[in-house]
Structures are given as C-alpha cells and as structure tokens.
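2 protein chains.
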Amino acid sequence: MGPQATLTDRELHSLDAHWRALNYLAAGQIYLTANPLLAEPLRPEHIKPRLLGHWGTCPGLNLVYTHLNRVISARDLDAVCVWGPGHGGPAVFAGAWLEGTYGELYPDVGRDLAGMARLFRQFSTPGGVPSHAAPQLPGSFHEGGELGYSLAHAYGAALDNPGLVVVCVVGDGEAETGALAASWHADKFLDPVYDGAVLPVLHLNGYKIANPAVLARLPEGELDELLRGYGHEPLYVTAAAGEDPERTHHDMAAALDVALDRIAAFQQAAREGGGARRRPHWPLLVLRTPKGWTGPAEVAGVPVEGTWRAHQVPLARVREDPGRLRQLERWLRSYRPDELFGADGRPRPEVLACVPAGDRRLGANPHANGGRLLRELPLPDLAGLAVAVDKPGTRLHEPTRVLGGMLRQVMADTAERRDFRLVGPDETASNRLQDVYAVTDKAWQAETVETDEHLGPHGRVMEVLSEHLCQGWLEGYLLTGRHGLFSSYEAFADIVASMASQHVKWVQTARTVPWRAPIAALNYLLTSHVWRQDHNGFSHQNPGFVDHILNKDPQTVRVYLPPDANTLLCVADHVLRTRDAVNVVVAGKQPCFDWLGLEQARDHCARGLGIWEWAGTERPDGEPEVVLACAGDVPTQEALAAASVLRTRLPELAVRVVNIVDMAKLLPRQEHPHGLTDREFDAVFTRDRPVIFAYHGYPWLIHRLTYRRAVHPRIHVRGYREMGTTTTPFDMVVRNDLDRYRLVMDVLDRVPGLAVRAAGLRQSMEDMRHRHHAWIRQHGEDMPEVAEWSWPG
Amino acid sequence: MGPQATLTDRELHSLDAHWRALNYLAAGQIYLTANPLLAEPLRPEHIKPRLLGHWGTCPGLNLVYTHLNRVISARDLDAVCVWGPGHGGPAVFAGAWLEGTYGELYPDVGRDLAGMARLFRQFSTPGGVPSHAAPQLPGSFHEGGELGYSLAHAYGAALDNPGLVVVCVVGDGEAETGALAASWHADKFLDPVYDGAVLPVLHLNGYKIANPAVLARLPEGELDELLRGYGHEPLYVTAAAGEDPERTHHDMAAALDVALDRIAAFQQAAREGGGARRRPHWPLLVLRTPKGWTGPAEVAGVPVEGTWRAHQVPLARVREDPGRLRQLERWLRSYRPDELFGADGRPRPEVLACVPAGDRRLGANPHANGGRLLRELPLPDLAGLAVAVDKPGTRLHEPTRVLGGMLRQVMADTAERRDFRLVGPDETASNRLQDVYAVTDKAWQAETVETDEHLGPHGRVMEVLSEHLCQGWLEGYLLTGRHGLFSSYEAFADIVASMASQHVKWVQTARTVPWRAPIAALNYLLTSHVWRQDHNGFSHQNPGFVDHILNKDPQTVRVYLPPDANTLLCVADHVLRTRDAVNVVVAGKQPCFDWLGLEQARDHCARGLGIWEWAGTERPDGEPEVVLACAGDVPTQEALAAASVLRTRLPELAVRVVNIVDMAKLLPRQEHPHGLTDREFDAVFTRDRPVIFAYHGYPWLIHRLTYRRAVHPRIHVRGYREMGTTTTPFDMVVRNDLDRYRLVMDVLDRVPGLAVRAAGLRQSMEDMRHRHHAWIRQHGEDMPEVAEWSWPG
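If you read the protein sequences in the order shown, they are chains A and B.
By the numbering used here, the letter at position 769 of the first sequence is numbered 769, and the numbering carries on one by one without gaps.
By the numbering used here, the letter at position 465 of the second sequence is numbered 1258, and the numbering carries on one by one without gaps.
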C-alpha cells in the first residue's frame, strides 16, 4: 500500500493511542509486579523476580488488534481473530483487557489499577495464564502453544458461517510447519455462498526463536508468487524500525479496507448468482514489522529491535542492573502511559474510541465460545437403519457402510442448518461412507472436469489428503459450535497425534473456565484397520492411536470398539451427542458378522461391556472356568470362533464370553468416569479365573488398563505385536497369535489340568495352524474353513 | 517443452520399448498368476483370484524410470530416485526387474519367464511384496506407504553428497500432505557446493483415491506461480490420453536435459566460486499424465483412463466375465509383449538399450543401500568432556550443554568427511547445544542480514520450524549411509510420531532383507521436557513419545533417561554407535545435580540400571525394606531427596535406591533384547518389597513394562498425569504427586507398620506440602528449601 490519508487525524490519534496502550500492557506483563502505571520511578522490587515471556511478536499482534477494532466498529463486522504466532500472550491478553471483556469475565482483573496490576502479575506465573492464546483468553478458540494449526482452525470456523470474517494471524515461524503449509490450499474448499471468509495476515517479523524465518527471507517477488500461487491477492503493509508509525497506521487501515471490500464483493457476486462460478482470489495481508518493534533498539551496544534477540525478554537483568532498570523505564514511558490511562488505571476515552461494543468485541464474539451457539444435533431413529439379526453370526454386513446410512440421514436433516460436516483424507468412499453423497457433495472450489462425481461448491464432506487440515478444519468447526466426524484409516491417525493431544488439553482446560460453554465432541472413526490391510501391508498397520489417546485427560477421552454393524450405530448415536469429549471409534469396513440386534446392541453399548451368554457355555448356577474376552470386530470373530470350537469339542467346560465396547470400562472407577468399580469388574471377569483376552491393538494396553484388578495376574492378552506384512486376513491373526486356534490353545493351557485332558483338541488346533500355513503357501489365500466360517449359534 | 527432435529414431524406439515393457510388467503384476507372456489366449485360471494393486500412477512412474535410464547412461550420472506416489509398486518393481537388479538380489525372480511369473505372483500376495516402494525394492530408500515424506527424504539424501542427483517423484495426492507441503522450502537449505541436487518431478495425474488432486486442478498460471514461489524453475511435460506418446518422449527427454544442464551449471558456478552467492532456482519437472494412461479407456461404457476409476484395478471381474477377459487381453497385447521379450521371457536387447550398467542402475546405486557406504563415526574421548564429580549432588550442570561440547567435537572431527548432521526445529540453542556453532554454522541459503549469527551456506546444523522436515531430512541422510541427531522439545516429538513409526517399520523390514546393510541409528534427543515448562505451560507438556516408540519393534527401539550430565554423555556415545535402531534419549537442559563421575556413569549406563548404594541405607547383609526407583532427571532428584529425608529421619529403615537409564531393561528378556531375566530383575527390585517408582512420564508405562515381574503387585508409580499448567518446577512435581514429600509418604504408607511408627514424619511431609502451596500462592516461586536443596551425600 502506498501512503494514503485513509484516517482522519482524530482516528489516527485514537488508533495510535490504543496501540501504544497495548504495547505498554504487553511489556508490563513481562516485567512488572508492582507500580503498574509508573506512578513512581521504577525500583528493583517492582520487577518480577523471573522475567518470562515473548516480546518479539507482540507489537505486530497489537497493531492487528487495534486495527481490527477500527474495521469492526466501522462496518459492524462479525469477526473473530485467530492468533497464530506462538507466545503472543502478552499482546492478546492486553487486547482483551483493554476492550473490557477480560474484566467482565474475570472481575478481579478489571479495567482499573488493581486489575492492571493483576493482569501483569498473572502472566506466566503459577496459577496464572500461559504465554500464548489459550482457553482462558476471551475471544480465542485457538491455542498458540504448538504451532501450525491457526489457518486450519480459521477455515474450520468460517465453514457454514456466511456472515463471519475470520482473521488469522499466521506467524512466519509457524508458517514453516507442515500443518500450516498444507492449510494454504484450504481456499480451494471455501464456499463464498454458504461459508464466511478467512483473511490471513502473514506476520513477517523476521525471526523465529533463534533463526530467521524462511518466508521473511525470500526476495519480494518470490514471496508474491508464492502467495498468488496459493490463490491469494497479497496486500503489503511494511513497518520499519525507528520510523514514525503514522504511515503504518494509514497503510494498515487502507489494506484492511481493501481486503474487506474485496471479500464483500466476492461474497455478493457469488451469493447473487448469475455468471460462471470462478474461485475468488481472496485477499491476504502481508504485515512486515520489526521483531520487538518499539522495544529497546540496542542493549549494551548490541542491536535488539529487529533481531532474534527481541524474541523473548529483550532487556534482561533489570532487577540487578540499575542502568538496565533505567532503560526499561525509558522504554515503558516511551508509550506515554499517563496519556493513555488515568491515575486510577482506567483507559482514557480516546484510547477506547476504536473499540467496538458488546458482542462485536473480539473477546466477546460468541463464535469464539462456540458452545454458546451449539444446537442439539438431530439424530435419526436407529430402527430404520439397523440390520436385522435373527441369529448371531449368520449374516454379514460392512459396519461402516451401515453407518454411512445413518450419516446420510444426519446430513439430510442438517441440510438447512448446515452444522454438521464429515472430514477425511480422501477416504470417505474407501471407508464405505459414500451413502452421504446421495444428499451432499464433497466441497470443491478448484477446477472440475466432466468425469468428476459428487464434487460441488456447497458440499459438506471435506476431503483433502492432509490429516492435519482435516483435523484442523474439524477442530475449528467444533470450537465455533458445530458438529462433525473425522473418518480415517486407523494407521494414519497418528499423523495428528499431537494435534489430538492439544485438542484434549484445550477441552480439559476449557472445562475449568467457567464462562466457556461445552462444545460438541471431536469424533474419530478409525477404519480400514490393522487387521485388514491385505495388500497395503505393514505400512498401513498401526493400532497405536488408542494408546496415545488413553494417556490423556480421562474426563475427556473415550475409546469404543463396536464389534458389528448395529453396535457401531449405537456408538455413533452416543458419541454424536457427547460434549467436551474426544471419542475414538474403531470399526471395520469389511464384511463382518452381525452379532447383536438393535435392542441388544443398545443395551450392550449402554453398559459398555457385557457377558454374551448365548456365546458361552456357562451354567447359570456356577462361576465360569475360563473367561474369553474380546474387543474389536476381528478379535470378536476369532474369540467367538474359539468359543464355538470349545462348545462343540469340550461342552462340559464352562466358558464365559465377554465383549468390551467401551475400553475405559476396564479402568478403575477412580481413574476414569466410565471405569467399573472393582465389584462390577469382578462380577464380569471373576477374581481368579483365567481370562484370555483377544484385543484389537497392542496387547499391553489391556494390562495397563487392568493392572489394579484382582484377576490381573491371570489375564492373558493376544493382540497386534507388529507382526505385520502384506497378507490375508486370517494369516494376519495367525502371525500375531490372535487366531481362534491359538485362543483355544490358550484356554487349554490356562485352565488347570485341561491341557492334558484335552490333548487331542490341542493337537488338532496345532494341526489347523499347520494346515493354514501350508494352504496359504500353496494357494495364496485363506483356507475355505476360515474364509467361510460361520458361528454355529 | 515444445516438441523437439531431442531423440534419434533409434533412441525413441528403444525408450518406447522400455516403457511399454514396464507398463506390461506393471499390469501383469496386478492381473496374472500364470501365462505371463500371453503365450496362449488368456483363460480365467491365468488371472489372480483377488485383483489388488494400483494401476493409476504406474504408467507415469514408468515413463520417469525409462527416461532416467537414458540420462544416467548418457551422462554417467550418479543418480537415485525417490518414488513418492503411493502404491506405485507395480511400476518400480517392474523397473528393478527389467534392469536386472531385482534378479541379481532375488535369483528366483530372475530376468526370464519363470522369474517374470514369480514377479507377477509375488505382488500383493502373502509373503510377497507390498503395493508400494519398500525396503524389498532395490534402489529404494523410501517407503511409499504413508504419503508425504518423499521430498524431505530426497533432500536428506542429497546433503553432503555433492556428486549425487536425487530425483524425487512427488505424487499430486501426497503433495496435499503437511509434510510434503513444508518440504518445498528445503531448497533454502541445500548447498550447491557441498550438497548434491534434488530434481523434483511433480506427477500430476489428476486424482488421488477418489478425488481430484488440488495441484492438478489449479489454473496453469497459478500452479506456475506457486512453484516459482517455492523457488523453482518449472519445466512442463504433458501427455494426453489416446495421443501417440512420441511427442511425450521427446518432451520428457528435452526437459530432463534442460534440468540436468541447469543443475550442472548451478553447481559449477557455486563450486568455482567468484561472484556473489545467489540461491539457484533449481529446475523442477511438472509431469502431467492421464491417470491409468494406456490402460482401458472405457469399461462398460464408462470412462476409466484419465479418471479416478483408474486408481486401483481399472478392469474388474475379469475372471468371471469373458468380455472383460478379452478386454484385458487386448490391453496387455497393446504393449506388443512379443516385440519386447523373447519366448524365454528375456527382454530383447533394444528394450535394454537405455539401461545403465552396474552400480549406475537405479536399483544398484549404493546410496540407496546406505549401510554399504557407512563409516564409523569418530567419537571423542569422553574424559575431556565429562564434568568432575567429587561427591554426588553437590554441583549443578546443564546436561544438554555438556552434550553440546561433545557434539561440537563430533562436528569438528567430521568437518572434512561431512557425514554428521544435527537437525532440530529452531531449538538447537534453546536446547543448549550451541557449542556446535563454534565449528559449524546453521545451513542457510535464503537471504541474510547483518545481524544474523551462525548462518552459513555450508553449515551442518539444520534448523527449520517443521518437525516433519527435520525428521525427513535425517531419515534420508541416515538411509544413505550417514549419521545424525534430532533434538526437539519433548512435547513436540509427537508431531512426527507417525513418521517415527514408519521409520521403525522400515528398519525392522530391512533387517529381514539380506542385501541391505545396517544403517546408523535414528537418534532423538528430547529435551525442554515436561517438568520444565515453567512459562510455556500445559501445551508444552507431553512425555508420550516414549510410550509411542515402545509399542514398536523391540529389536529396533530403545529409550534412555540419563539422570545427569555424565550419564547423558555416555548414552550419547552409545547411541551414536548403534545401527538399525531408533533411540530416544530424554534429558534436561536446566541445571541438574551431577550424581555420577564419568567412570561410574559408564558402568551405570553399560548396565542400563543399577543400585545406587551411596544413596540408600541398605545394610550389606540384608534385603532392603523398600525400593525407591527412579528414571529421569527430575524424578531422580526427587527420589534422592526423599532418600535423604528417610536417611536423616528414619536411619534404621533399609532403603534401596535404584536408577534406571535404559527403560527396556524393565521388560522381560523374551520381549526385548535389552530386557532383564526375572532373576536379574528380582536381584535389583526384590520379589516382594514395596517399590516406589518415580518416573519421568505417564506412570502406567512402568506397569506396562513390569506386569510380568514377581514384585509387580507391589510397584507403586508416580509420574506425569496431565496435571499440567504454567507453574514452577517444584509445583509441577507436587501437582503430579512426584515430589520428595509425597514419595516419603508413599514409603511410609507401603512399608508395613511404618505409617503408624513414623506418624510424625508423615505429618511433617504433609506440612511441607502445605507450606509449598502457601508459599507459591504468596511469592509466585518455589520455597527456598526446594530451590536450593542439595543431597547431603
């Protein structure tokens, strides 16, 4: 932008005052524990004992906060802002305090001298606030701790919010991350008709922690090509150290006006229709400011402002060194705090002239506290969707395909409301959920050709081959008060392990923030799972996401392994109703025996685990001699096959079959809200009988969940032990010792005296395993008896 | 490229024959189980019972393979190729077979009819090869299963290999992933003097699994801007369905010649010096080919070639449907196999005319079997680097800073050889390893300004704020026969959890491939760990990477938690010598007590765990009454403080202190090669005494490792339980019940009768915890007695 007299002198004066106030408040948070308004000369005891925080990015963020206030007020704009740069905490907490939202939500940190002192003291101190945007920050739905997710969150928030502008400050450090780099292409999925707009502000302040940022060190032309290549029209605002900020205020105001005019025009054109659809080249701001702008230019003769040395605390040892203390005071007074605040700490009216009112304030916009906007999701009656089960184990269905019917109905029932989205990395159809395409398309704004199918500008299925973008979209969508489901190949969920962990932390922390309303659960459907990667092989075999998630906050995380189609429906119905939760559902897409009718499935899922009397040989009057437990569709099939062998060959053995859907049931009650009491657990698993547990994933997870139970020393678990390869379904279970024959042998080996008594059966099980090996070597496929096996219910 | 007569007719004929042969061999792998050369008309029994595989990407990959052969031969080029597109297995296995390398390494799959039949049969069948590039593939150092890592691997391979050209085919699907998107900026780190070149080939074949690819659906100008924005000069080769491939052969040959000429010129200019350094705009090929090119144009009236329907098996049900069988036969015969192969299955000479000889063949280049090139890393004598320890617990050092001294020496000693790199996401200095900058710079080819420090074009420290790129660089570097270390904040290692898992799978599989030579270990240094995120807070607290890695192949994974500076040195010395391993080392960067002198540290680390007699109160003649175990620097400090309290206040109690460095020692011997036998384990931990275990991470990991041990029911673990926040170091341990006072109480509660006998001590421990809470509320920092505590050794 060239210099333009966009602003009146009065506006300029007021904006600059607001910005100086934010800069003062940001520096104050890093340094001061007392004397917040410099009523007296600074003394060492006014300085925090430990100087923590990150000054470098703050003045630039403050500039954005100030200028967003102007355009929101001027245009009555419905806008939120995602603060991407790490450690911008002092800036954004200052912004919320100055506009008054902070004090409204935290009355002891009000907009007066005592509140200012508390604002300063709480920053980066025990029991206080962290050094980046976080759940405690009014107006934020994004945590600035782990970098890279800002832009994906912003796009997720904009989806299905046609009146909303989501400004997103992208740090030049975080721009180097994979998640952020992938997110630039999210503009090919944003619908100018039904979605809102995203306005990225690429904040180039030159340095990360200790290194220059790549994007800040490209020749200007190369950066411009890159951003145009991402599909944007870049608008540039550049500030230089030492220069009067007047020109920057004018440039920033002009650039924001151009950007918002463009956005409005694109949306109007698209919404009024007529003419060919053409993807807008949405505007983007490139804001180049010196790192640590307006802070100390030099310290002890070494340049600080504009260098990586301004990243954290630009002026250290101020308590110890009187010269440094004076330098800090000069710096703080350079903002002329007495012009900005009264002696009572209240901001003067001209400082607040640009601040919008009520819910238009960035800290008060309800979209950033999405639970406030959340509506109950309309869920269909499962009766019309469930599969009929006359007899367990006689018919086969693909569980996820049955779920697809349910999701189709949810999509249809939310067609007007548009508050449900399905996201996935190019696998919705591969995961057999394609029924949804009968009622909605895959969102797509890039070019199309005649042979494309199910692509549409207004679709609500989001497919992109970036798990990060899928996860980020969905998080942003949920955090702004909507519903959704992420379907993925099980193995590749670990790609977003860290994002998932951060989301759990957000939910866990938000639960302690009284003014945050609960949001809809983040639901994962992990399918195309470890046991059925017949040709993809070892690289696609990884059931570890469940282990990862179960390490996190027990109030938030849940894991479900429905064993068939109807239980998957019931689990889906449940998880889509939950709040402030992260639910992981693992289910197969391959044909799988139906075990339970809908009513049985409802009961079973409501209990989370249960004894399947019809599958065992237990006598009603006695305790079982052995428990065969199973969790997951393939282990359930193998366990039930083993039970069937035992029933036929050793009818006198009292076998109890237990199926687990809700894995947290295994945990002690005091460790997870779903956990069973010891009494409940013992009633199902006994206290002293051998338990053979066929589990879907890594076997030691079961030990980690059950080690406090009385029966634990007798639990023997079979599961996936990284014995993976390209092979048939049955060979996979044999390689990992999870097959029916091995499970029968495990029973024989663990029930006292049985191995001897049933030596013939044991031998025939060994023989079957040999037969399997020989058969597969010769035929390259599974033996007919396992391929066509049915449970003789 | 416009049409140019780059090739003579004879060359053209030969290249086309080679390409047709690859296409034939690729299709054959998907379909045929017998009659490999169509010696007789196709019958259903010649067709595989289950049709698996991905045809869509193959013809394009084949074109690259064919044309790389030409330029390698013509220029005597030292080149390898990374095959990024997922599921290109049939193409790349065909390439290796046709050039002869496959048969040399797998004599039963030789270049004859029987070998061809086996090549076809083994594809995607049990015990065979997977559907993508994998360790079994000669010439590959990249697994094509999980997408997104190709370009990072390619750059890693090119580092410090000045004579090497690494061609990297990037699929348009994988280009959407975060890891790949971030990798485009790797060109800002590639040194034209000491590094080789990377030639990306962006393969736009239009579709992923079920969706168009974003990059394939950009307007041409926008794509061009994007690629120029990434710093490249794009060269375009476009093929259309149905068109004679002659023009494409000419274009491809011309484009490759231009690209390789440019590369040579850039390198020559940089290496001959003179003139200002200017970052080359390295060439990049955009290869646009129809998906499933040369396959069936239509099936049952529906377009297939050029659509997503060609992604997997373009022609299904060929066994069942005679019409389809005929269509398959017509398709296969369209490659004129009888012109390409003799009746004995041997390729005719003109087919092989372009194939380079010996180690120049893509499948034989030694860089792709890096262990063959690996040299022992020169490691310094630790005596000159270790810290002096007269008495345990009296002096403090920052362990990673001490390690920095060692790494500096390694950097210095490899200055000429250039086979060691340090990678990290902008944290080398933050992690206190900055001593290395005394001998090498941070690699940097983008713009610089005067205030920059330690940036240089030839540096061997790689810093970029993308964990994916760091990991990918290092993997590529190791897989091509060099050494390195990845240092990261502990919390953010999970960002590459899935990459790490795939690397373990590669190593595990490669170990079973007899011709693959062992490579250097992938070493992680996880620091800035969970207990010391005083101001970063909750978002930076995550010790779960250890749990993740310990789920993987026990032959490959190891986890070390050295408790002080000298043990960190010994562990580093060890892991840098290991092969075919993934080592995770967790160590602090904050001042930490020195416990062991160098010789003690060597012994302790060699054993992996041990009793610290000097810290306990055990009598030489008896068994201890309680075991205080600890793993990790902070837990060790707390456990030793607890031991010191017990020693002073309950001198008659026989306490054994055990420190664990090598976590796998806790596993049973049969489950991990480092595991202790039960006898060894019991000798350290006893069979029946209470064990209070202070652990660095999630406490249940210890249960998962020890559940088979006799003493397990008596093991009580304290660790991190997601009770995280912004707070002081001691408050963190208190919040998670890992503090010295809690550990003392745990001892009192678990040694029979002691709680009553030592009720006063128990109360004073409670009092200390109360005092802590009150103090921190008032002062915002830790009590002096914990901040300044020293072990009264």
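Glycine included, each C-beta is placed from N, C-alpha and C at the ideal position.
What separation, rounded to the nearest whole angstrom, lies between the Cα atoms of residue i and residue j?
| i | j | result |
| --- | --- | --- |
| H984 of chain B | R1129 of chain B | As written in the sequence, residue 984 of chain B is Asp, which differs from the His given in the question. Rounded to whole angstroms, D984 of chain B to R1129 of chain B spans 46 Å at the Cα level. |
| M411 of chain A | V439 of chain A | 7 Å |
| L1604 of chain B | H1367 of chain B | There is no way to answer for residue 1604 of chain B, as the model of chain B reaches only from 794 to 1586. |
| G1151 of chain B | E892 of chain B | 10 Å |
| A34 of chain A | M116 of chain A | 10 Å |
| A517 of chain A | N1335 of chain B | 26 Å |
Between which two residues does the beta strand (DSSP E) containing residue i stretch?
| i | result |
| --- | --- |
| N1359 of chain B | Here N1359 of chain B belongs to no beta strand (DSSP E); instead the alpha helix (DSSP H) covers A1358 to V1368. |
| G484 of chain A | H483 to Y489 |
| P200 of chain A | A197 to L204 |
| L340 of chain A | Premise fails: L340 of chain A lies in the alpha helix (DSSP H), P337 to L340, not in any beta strand (DSSP E). |
| F1213 of chain B | F1213 to G1217 |
| T1320 of chain B | L1315 to T1320 |
Skipping 5 residues on each side, what residues in its chain have a beta carbon closer than 8 Å to that of residue i?
| i | result |
| --- | --- |
| R750 of chain A | V626, P690, I692, R714 and H716 |
| V1097 of chain B | G1085, G1088, P1089, A1090, E1091, A1103, P1107 and L1108 |
| E1191 of chain B | R1225, A1358, G1381, K1382, Q1383, P1384 and C1385 |
Helix, strand or coil: which one does DSSP assign to residue i?
| i | result |
| --- | --- |
| D1114 of chain B | coil |
| R656 of chain A | strand |
| F693 of chain A | strand |
| F934 of chain B | coil |
| R20 of chain A | helix |
| E1256 of chain B | strand |
| N583 of chain A | strand |
| L550 of chain A | helix |
| L1178 of chain B | coil |
| K841 of chain B | coil |
| L957 of chain B | coil |
| K981 of chain B | helix |
| H13 of chain A | helix |
| T307 of chain A | coil |
| C1385 of chain B | strand |
| V786 of chain A | helix |
| C630 of chain A | strand |
| H397 of chain A | strand |
| W83 of chain A | strand |
By Cβ distance, which residues of its chain are closer than 6 Å to residue i, with the 5 residues on each side in sequence left out?
| i | result |
| --- | --- |
| G795 of chain B | In this prediction, G795 of chain B scores a pLDDT of 44, lower than 50, which makes its location untrustworthy; the coordinate-derived value is nonetheless stated afterwards. Around G795 of chain B: no qualifying Cβ. |
| G966 of chain B | K1001 and A1006 |
| N62 of chain A | W19, L22, N23 and A91 |
| H1465 of chain B | P1347 and A1457 |
| A94 of chain A | L22, L25 and A26 |
Leaving aside the five residues before and after residue i along the sequence, list all residues of the same chain whose C-beta is less than 7 Å from its C-beta, in chain order.
| i | result |
| --- | --- |
| R346 of chain A | R111 and D112 |
Checklist entry - Quick check: the stretch 880–887 of chain B against the stretch 839–847 of chain B, are there 3 or more CB pairs under 8 Å? => result Yes, they touch.
Item to check | Cβ contact (3+ pairs, closer than 8 Å) linking the stretch 194–207 of chain A and the stretch 157–169 of chain A | outcome: With the cut-off at 8 Å, the stretch 194–207 of chain A and the stretch 157–169 of chain A touch.
Checklist entry - Quick one: any contact between the stretch 1062–1079 of chain B and the stretch 1019–1036 of chain B, if contact means 3 or more CB pairs under 8 Å? => result Result yes; three or more Cβ-Cβ pairs closer than 8 Å.
Next on the checklist: Under 8 Å: do the stretch 1287–1304 of chain B and the stretch 1365–1385 of chain B share three or more Cβ pairs, one atom per stretch?
Outcome noted: A contact exists between the stretch 1287–1304 of chain B and the stretch 1365–1385 of chain B.
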